[in-house]
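Asker: A single structure is presented below for examination.
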Amino acid sequence: MAAVLTRNIIKKFGEVPAVNGISLTVPDGEFMVLLGPSGCGKTTFLRIICGLEKQTSGDLLIGGDVVNDIPPRARGVAMMFQSYGLYPHYTVRKNIAFPLRTQRVPNAVVEKKIEWASQLLGIGHLLERRPRQLSGGERQRVALARALVREPTALLLDEPLSNLDAKLRASARLEIKQFQQRVGVTTIYVTHDQVEAMGMGDRIAVIHHGQVRQVGTPTEIYDDPADRFVATFVGTPPMNLVERNGGFIGFRPENFLPRDMIDDGAVTEFSFRVDRSEYLGSERIVYGAIEGFDPTQVITAKLPPAHVAEESIRPGEWHPFAVRNSAVCHFDRDGKRTGRH
Amino acid sequence: MASGPVVTEADFHPWSQSPDQCHGRRDVLGSILVAPAILYVLLLVGVPFLLAVYYSVSAFTIYDPSWRFVGLANFEQIVQNPVFLQTLGNTFIFTFGSQFLGLILGKFGALLLLRPFPGRKIVRALIILPWAVPVALATVAWQWMFDSLYSVINWTLIALDIITRSQAPNWLGTPGLAMLCVIVVNAWRFFPFAIVIFLAGITAIPQDVLDAATVDGAGFWRRNYQIIVPMILPIVAIGLIFGIVFTFTDLSIVFLMTMGGPVGATSVLGFEGFQVGIVSGDVSHGAAISLFMLPVLFVVVIFMLRFIRRREI
Amino acid sequence: MRRAIAKVVREIPFFGAVAFFVILSTFPFYWMVITSFKSNSDLYSVTNIPFWFNDPPTLEHFRYLFQETLFTTWLLNSLIIGVCVVAITLVTALPAAYSLARMTGRSGETLGIGIFLTYLVPPTLLFLPLARIITELGLQNSMWSLVVVYPTFTIPFCTWLLMGFFKALPPEIEEAAIVDGCSLFGAFVKMALPLSLPGILTVVIFTFTLTLQEFVYALTFISSSAQKPITLGVATDLIRGDIFYWGEIMAGALIASIPVAIGYNFFLDRFISGITGGAVK
């Protein structure tokens, strides 16, 4: 039985559909990431699951029960907000206790649960402090503790890492993922950052203009994108796309190598004029144009620095480059993925 | 290249003086700019304040302007006067009654104006009117509404068959009713301000906190009293402080509506001070009466400063 | 269809409450308006329905007000007082606010709060000694006494307001002017002032309305009718013997209230952002 199941959820604000028909199944215990650019509807969709917004049409099932008309507190979901939403006038202890108090849980049980949640997240020493006395990472853990203390059927997170500074993000990412694996709660995580999505998700749902473009594991999303949007949204630098035969072919920068670096398999060859290269330490990014295609379109190649001979990427010259055929994606005129040749 | 005195970069650079001189300049200019304001306030607020204190401990009347020092005699005489005690009591009733009423009206008004609805802007402009219009003029309108013969309120009550003409109350001429009237008028004057304060406080609450409370299971009332009220307390406190200060020291409403009557039932400190000190010319006693306002004001201001300091939630 | 009706029914208590508040706020003004236009025979009749005209509306009260009372003199007085007080306030509060906002750091904040607190010192305490001072200056019973005294509360409040506006101005602009060769004072006059014009305008409007509203000092210092400002005049002078000329009083109150009400509405949004910007993070 799926923990969360939606059937063709549509949400319109006036005439504008923010969510335009999303049907998604999230199995019990899965870490599902909703990935998409700002304004694509992912946060609205999350809020519908939570119950803070009501869908215009479509069904939502949590734990097997239809919850369309049920208020948030009765749905068995917990949410962690972008700016955490901690109650500023309560201590950490009272913050965590709050969801239990509203359900009139007896005191003894409340104490035990607070104990459990604070142990789990390592915030036992912060219980008597107020939110304004906590660092960003500590606030996040308190918000998580508050969410978990109700043992929800589904845990919803709305871009929780966007308020942390860059350094903290990587370690927070790890913490959240490890933590979710330990506790095993079904988690739906919204983000616009594809690195987070790829790093944390069991499965990713790529959302654009209120619709799911593809649902799959990180590998599927990356190697087997369903359309142009998914192909170019995931991956840095983005996939190269060139027009050919009324459609498009795409190849990722790390697959676009000097011809003599590929010695097996069928390849598609290009003549590549190098314009500029950036040495980033762990890799070298080379920018240029390929012969026979739009000369203003910038093509990127991502090369391992150690194995590349200087002369094969000298700027201003044409060099033979190639892509393994198995790594080429074909898209039709509308951007949909077609079978590989 | 012409010969002549060599012009160096230092001549053009505004900070060519040493940094200390620069900061010194800054400080001097800063002081000069603030000086007129401070001077004005010191001369026309500070000095009169000290004068008031001095009058209260002297025997100054306009008929006998002597600066004899009489210690606390004035205060003793006042406190022993039963009319004064009634005045003091009235002032407290007047202040806290109207603030309480004003706060309640303000709270509910703010809740109504929170979500957008068609015509909200116009409604808001209309609801602000009691606060926006000069006190004296609005009070005069109320005075006319409470008129002993032509009161529109009485007319309505009679028309609705709630009372008969002979039972029609003389609002401003009956002791208990008169106090009720001045309280209502003052609350009426203040509640738009309370609405503004409440709205400002409530809209400053981050939506995430309210959403979290909803998801955590808090219904409307719990959200209101456990989340919203504690979070708007600081700003409401500041508004309340203003309200208390201006009400406790007010004289306009009482002067215009009841002249302190009937029989001193609505006399308040500000009004008594005026009657005794200005109208009767007994400056020293008048000053002493006015000074009774100070203890309450001090307490209130101290609370306010405390809140300003603890601003961050 | 049924859903639409149900929706309307659900909203009735809400709009009922809104209507209650609107009526509560505006009824006295409705009363003011209608009294101004009602003929005396209509007004002073116990049996006539008060809420609308029984006899045709009349401009008699307005005529009387303008032609047979000192109403126009009062209007003029208030105008003169208002303009003078605004001028004094601007000249004093603008530099003070700028200095406190930019130049004096921590101590500036405290000083600013100190100045603001003087706004809370009640007129019903100060009027006694001020009456003596005014008499010493020979200004008793003259409207110029008010020009001298009103800045005691307009300056503190406006300094506080203007501090907020100046703080919101990025200091980089003045610093750029200084690097370009301006003096500190020049930067103030040429950069900060023009850029804070909206704030200054707000302060001007608010100061003007404050002076129009004031009652206690006017009541204390002025007794002769010709020197009274508008609010004092309308509230106290339209009485002959024991008889209140209600029609005229309401007409005068109406005319005097309108500019103040308009001014406050302009001011309101600024005031709210001022309070929330300061008091709550």
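Protein chains in written order, with numbering that gives the first Met the number 0: chain A, 0 to 340; chain B, 0 to 312; chain C, 0 to 280.
Here a beta-carbon is modelled for each residue, glycine too, at the ideal position from N, C-alpha and C.
1) Express the C-alpha separation of residue 169 of chain B and residue 135 of chain C in angstroms, rounding to a whole number.
2) Please decide whether residue 123 of chain B counts as near chain A, where near means a Cβ-Cβ distance under 8 Å.
3) Quick one: list the residues of chain B neighbouring residue 71 of chain A, beta-carbon separation under 7 Å, in chain order.
4) Would you call the CB atoms of residue 283 of chain A and residue 307 of chain A closer than 8 Å?
5) Is the CB of residue 315 of chain A under 8 Å away from at least one CB in chain B?
6) Residue range of the beta strand (DSSP E) that residue 286 of chain A falls in?
7) For residue 57 of chain B, list the residues DSSP reports as bridge partners.
8) What do you get for residue 148 of chain B, buried or exposed, if any count of 16 or more other CB atoms within 10 angstroms of its CB means buried?
9) Between the C-alpha atoms of residue 67 of chain C and residue 254 of chain C, what's the straight-line distance to the nearest angstrom?
10) Buried or exposed: residue 298 of chain C, going by 16 or more other Cβ atoms within 10 Å of its Cβ?
11) Expressed to the nearest angstrom, what Euclidean distance is found between the alpha-carbon atoms of residue 28 of chain C and residue 140 of chain B?
12) Of all the options A/119, A/214, A/82, A/336, which has the alpha carbon lying nearest to the alpha carbon of residue 178 of chain A?
13) Which residues of the stretch 154–165 of chain B have a Cβ closer than 7 Å to any Cβ of chain A? Give them in chain order.
14) Any beta-carbon of chain A closer than 8 Å to the one on residue 210 of chain B?
15) Does residue 11 of chain B get closer than 8 Å to chain A when you measure Cβ to Cβ?
16) Quick one: is residue 248 of chain C near chain B, going by C-beta distance under 8 Å?
17) Within the same chain, show all residues whose beta-carbon is closer than 8 Å to that of residue 313 of chain A, passing over the 5 residues directly before and after it, in chain order.
18) Can you find a CB in chain A that lies within less than 8 Å of the CB of residue 115 of chain B?
19) Tell me the DSSP secondary structure of residue 167 of chain B in three-state form.
20) Cutting at 6 Å between CB atoms, please list the residues of its own chain near residue 337 of chain A, excluding the five before and the five after it.
21) So residue 289 of chain B contacts chain C; which residues on that side make the cut at Cβ distance below 9 Å?
22) If the cut is a Cβ gap below 7 Å, which residues of chain B does residue 49 of chain A touch?
23) Can you tell me which of the three DSSP states residue 364 of chain A falls into?
24) Applying a beta-carbon distance threshold of less than 7 Å, which residues of chain B neighbour residue 101 of chain A?
25) Which of helix, strand or coil does DSSP assign to residue 302 of chain A?
26) Which residue from A/163, A/83, A/150 puts its Cα closest to that of residue 130 of chain A?
27) Out of B/159, B/294, B/270, which has the shortest C-alpha to C-alpha gap to residue 126 of chain C?
28) What residues in its chain sit with their C-beta under 7 Å from that of residue 138 of chain B, if we drop five residues either side in the sequence?
29) Just checking, does the stretch 110–126 of chain C make contact with the stretch 185–198 of chain C on the three C-beta pairs under 8 Å criterion?
30) Taking 8 Å as the limit between beta carbons, can you name the residues of its chain near residue 256 of chain A, skipping five residues before and five after?
31) In chain order, what are the residue ranges of uninterrupted alpha helix (DSSP H) at least 4 long that sit wholly in the stretch 119–180 of chain C?
32) Would you verify that the beta carbon of residue 88 of chain A is, or is not, closer than 8 Å to some beta carbon of chain B?
33) With residue 145 of chain A and residue 95 of chain A assumed to form a contact (beta carbons below 8 Å), what rounded beta-carbon distance in angstroms separates them?
34) Compute the Euclidean distance between the alpha carbons of residue 249 of chain C and residue 136 of chain B, then round it to the nearest angstrom.
35) Thinking C-beta only, is residue 227 of chain B closer than 8 Å to residue 204 of chain B?
36) Are the Cβ atoms of residue 212 of chain A and residue 226 of chain A separated by less than 8 Å?
Answerer: Per the coordinate set shown:
1) Mapped onto the third sequence, residue 135 of chain C falls at position 136. Mapped onto the second sequence, residue 169 of chain B falls at position 170. Taking the straight line joining both Cα atoms gives about 44 Å.
2) Reading the second sequence from its first residue, position 124 is the one you call residue 123 of chain B. So, not an interface residue.
3) Looking up residue 71 of chain A in the first sequence gives position 72. The answer, in chain order, is 213, 214.
4) Here residue 283 of chain A refers to the residue found at position 284 of the first sequence. Here residue 307 of chain A refers to the residue found at position 308 of the first sequence. A distance below 8 Å separates the beta carbons of residue 283 of chain A and residue 307 of chain A.
5) Start at 1 with the first residue of the first sequence, and residue 315 of chain A comes out as number 316. It does not: the Cβ of residue 315 of chain A has no partner Cβ on chain B nearer than 8 Å.
6) In the first sequence, the residue the question calls residue 286 of chain A occupies position 287. Unbroken beta strand (DSSP E) run through residue 286 of chain A: 283–289.
7) Numbered from 1 along the second sequence, position 58 holds the residue referred to as residue 57 of chain B. Looking at the DSSP output, residue 57 of chain B shares a beta bridge with B/68.
8) Taking the first residue of the second sequence as position 1, residue 148 of chain B is located at position 149. Answer is exposed; the Cβ neighbour count stays below 16.
9) For the purposes of this step, residue 67 of chain C is identified with residue 68 of the third sequence, where counting begins at 1. For the purposes of this step, residue 254 of chain C is identified with residue 255 of the third sequence, where counting begins at 1. The alpha-carbon separation between residue 67 of chain C and residue 254 of chain C amounts to approximately 16 Å.
10) Absent from the structure is residue 298 of chain C, since the part of chain C shown begins at 0 and ends at 280.
11) Counted from its first residue, the third sequence places residue 28 of chain C at position 29. Counted from its first residue, the second sequence places residue 140 of chain B at position 141. Note on geometry: alpha-carbon atoms of residue 28 of chain C and residue 140 of chain B lie some 8 Å from one another.
12) For the purposes of this step, residue 178 of chain A is taken as residue 179 along the first sequence, with counting starting at 1. Checking every option, the nearest Cα to that of residue 178 of chain A belongs to A/119.
13) If the cut-off is 7 Å between Cβ atoms, the stretch 154–165 of chain B has nothing near chain A.
14) Taking the first residue of the second sequence as 1, we reach residue 210 of chain B at position 211. Output row for residue 210 of chain B: interface = yes.
15) Numbered from 1 along the second sequence, position 12 holds the residue referred to as residue 11 of chain B. Because residue 11 of chain B carries a pLDDT of 42, less than 50, the predicted location of this residue cannot be relied on, and the following value inherits that uncertainty. Judged by the 8 Å Cβ criterion, residue 11 of chain B is not in contact with chain A.
16) For the purposes of this step, residue 248 of chain C is identified with residue 249 of the third sequence, where counting begins at 1. With a threshold of 8 Å between beta carbons, residue 248 of chain C makes contact with chain B.
17) Taking the first residue of the first sequence as 1, we reach residue 313 of chain A at position 314. Result list for residue 313 of chain A: 273, in chain order.
18) Taking the second sequence and counting its residues from 1, one reaches residue 115 of chain B at position 116. Residue contact check for residue 115 of chain B against chain A: no CB pair falls below 8 Å.
19) Position 168 of the second sequence, counting from 1, holds the residue named residue 167 of chain B. Judged by DSSP in its simplified three-state form, residue 167 of chain B adopts coil rather than helix or strand.
20) Locating residue 337 of chain A in the first sequence gives position 338, where the first residue counts as 1. Counting only Cβ-Cβ distances below 6 Å, and skipping sequence neighbours, we find 329, 331.
21) Counted from its first residue, the second sequence places residue 289 of chain B at position 290. Below the 9 Å Cβ cutoff, chain C contributes 121, 123, 124, 125, 126, 127 as neighbours of residue 289 of chain B, in chain order.
22) Taking the first residue of the first sequence as 1, we reach residue 49 of chain A at position 50. Within 7 Å Cβ-Cβ: 214.
23) Residue 364 of chain A is absent from the model: chain A starts at 0 and stops at 340.
24) What you label residue 101 of chain A is simply residue 102 of the first sequence in a count that begins at 1. Near residue 101 of chain A (Cβ distances below 7 Å), the residues of chain B are 215, 216, 217, 221.
25) Here the question's residue 302 of chain A lines up with position 303 in the first sequence. It is a strand residue.
26) Residue 130 of chain A sits at position 131 when you count from the first residue of the first sequence. Minimum Cα-Cα distance from residue 130 of chain A among the listed residues A/163, A/83, A/150 corresponds to A/83.
27) One-based indexing of the third sequence puts residue 126 of chain C at position 127. Out of B/159, B/294, B/270, B/270 has the C-alpha closest to the C-alpha of residue 126 of chain C.
28) Here residue 138 of chain B refers to the residue found at position 139 of the second sequence. Excluding sequence neighbours, residue 138 of chain B sits near 184, 251, 252, 255, 256.
29) No contact exists between the stretch 110–126 of chain C and the stretch 185–198 of chain C.
30) Translated into the one-based positions of the first sequence, residue 256 of chain A becomes position 257. Contacts found: 300, 302, 320, 321, 322.
31) Runs of the alpha helix (DSSP H) inside the stretch 119–180 of chain C: 122–135, 143–148, 150–166, 171–178.
32) Residue mapping note: residue 88 of chain A aligns to position 89 of the first sequence, counting from 1. For residue 88 of chain A, the answer is yes, since a Cβ of chain B falls inside 8 Å of its Cβ.
33) In the first sequence, counting from the first residue as 1, residue 145 of chain A sits at position 146. In the first sequence, counting from the first residue as 1, residue 95 of chain A sits at position 96. Right, their Cβ atoms sit about 5 Å apart.
34) Counted from its first residue, the third sequence places residue 249 of chain C at position 250. Counted from its first residue, the second sequence places residue 136 of chain B at position 137. Cα to Cα, the separation comes out at about 8 Å.
35) As a working note, residue 204 of chain B is residue 205 in the second sequence. As a working note, residue 227 of chain B is residue 228 in the second sequence. Yes, the Cβ-Cβ distance between residue 204 of chain B and residue 227 of chain B is below 8 Å.
36) In the first sequence, residue 212 of chain A corresponds to position 213, counting from 1. In the first sequence, residue 226 of chain A corresponds to position 227, counting from 1. For residue 212 of chain A and residue 226 of chain A, yes; Cβs fall inside 8 Å.
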